[in-house]
Amino acid sequence: MSKGDTLDTLLIKYMNKIRSRRKALERLYNDWVEGKYRLIDPNPPKDYMGYLTRLDYSLWYWFTLGILGFTLFTIFFSNLHPIILYLRYVFGSILVLFLPGMSLIESLYPVEKELSPLERLALSIGLSLAVVPLIGLVLNYTPWGIRFEPILTSLTILTLALLTAASYRKYKVVKVGS
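Residues are numbered in the working numbering as their position in the sequence shown, beginning at 1, plus a constant of 67.
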């Protein structure tokens with residue numbers, strides 16, 4: 068494989084050896100997973116806003132923000148319909164038990180290959196279980212105390228801040244890699 072090969076040329080080379088397109092794609096993918104070659108974006112984002120607007124880089128960020136926004140929607144409008152109340156339970160649990168830890172893990176380990184998906188999931192849940200009580204401890208010594216609104220506000224702000232930090236760190240990784 069030469070340095071300037073594209074995925075199309077690699078696929079053609081693999082299909083010359085293996086007649087089945089599916090098996091050639093499978094072999095190509097397995098070789099990439101094993102690290103036999105690197106995929107490089109020919110047009111990486113030039114700045115942070117370009118990174119955020121390209122969904123092939125930042126879909127995880129917008130999806131997590133969407134979950135956070137939908138969770139806030141279900142919390143504030145759960146009295147409109149009984150189904151929204153059950154959605155509030157599900158998405159509220161995700162907000163408390165997963166999102167703070169996930170955003171912290173993404174900001175600490177911006178490179179995808181540093182941790183496996185299972186390690187990311189386990190650490191996200193574990194760190195959420197550690198961070199949320201710390202937020203409660205800090206709120207206990209503030210004038211607002213431990214009530215629903217301060218906890219929701221602080222969890223949302225923390226998650227947003229960590230997600231933004233994670234997206235910036237991932238942008239820096241992309242910038243250095245190109």
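Ideal Cβ placement from N, Cα and C applies to all residues, glycine included.
According to the DSSP assignment, E93 belongs to the alpha helix (DSSP H) that extends over 88-100. For L119 and S125, the gap between their C-alpha atoms comes out near 5 Å. Straight through space, the alpha carbons of I79 and F165 are spaced by roughly 43 Å. With fewer than 16 other beta carbons inside 10 angstroms of its own, A197 counts as exposed. Within the same chain, T141, I142, S145 come within 7 Å of R155 by CB-CB distance, once the 5 residues on both sides are set aside. Taking every protein chain shown into account, the CB of S195 has 16 or more other CB atoms within 10 angstroms, so this residue is buried. Bounds of the alpha helix (DSSP H) holding R155 are 149-164. Secondary structure at W211: coil, using DSSP grouped into helix, strand and coil. From the listed residues Y153, K113, L92, S170, the smallest Cα separation to W129 is found for S170. For a cut-off of 8 Å, the C-beta gap from P200 to K237 is around 28 Å, too long to register as a contact.
Within the model, the alpha-carbon separation for W99 versus L92 is close to 11 Å. Cβ contact annotation for S87 (same chain, cutoff 8 Å, sequence separation greater than five): none. About 13 Å separates the beta carbons of L230 and T138, which is beyond the 8 Å limit, so they are not a contact pair. In chain order, S174 place their CB closer than 6 Å to the CB of A232, counting only its own chain and leaving out the 5 sequence neighbours on each side.
G168 counts as buried, since at least 16 other C-beta atoms from the protein chains shown sit within 10 angstroms of its C-beta. Straight-line measurement puts the Cα of H148 at about 49 Å from the Cα of V243. Here Y115 has Y235, Y238 as same chain residues with Cβ atoms under 7 Å from its own Cβ, once five neighbours each way along the sequence are excluded.
For R121, the CB contacts under 8 Å within the same chain, skipping 5 residues up- and downstream, are P112 in chain order.
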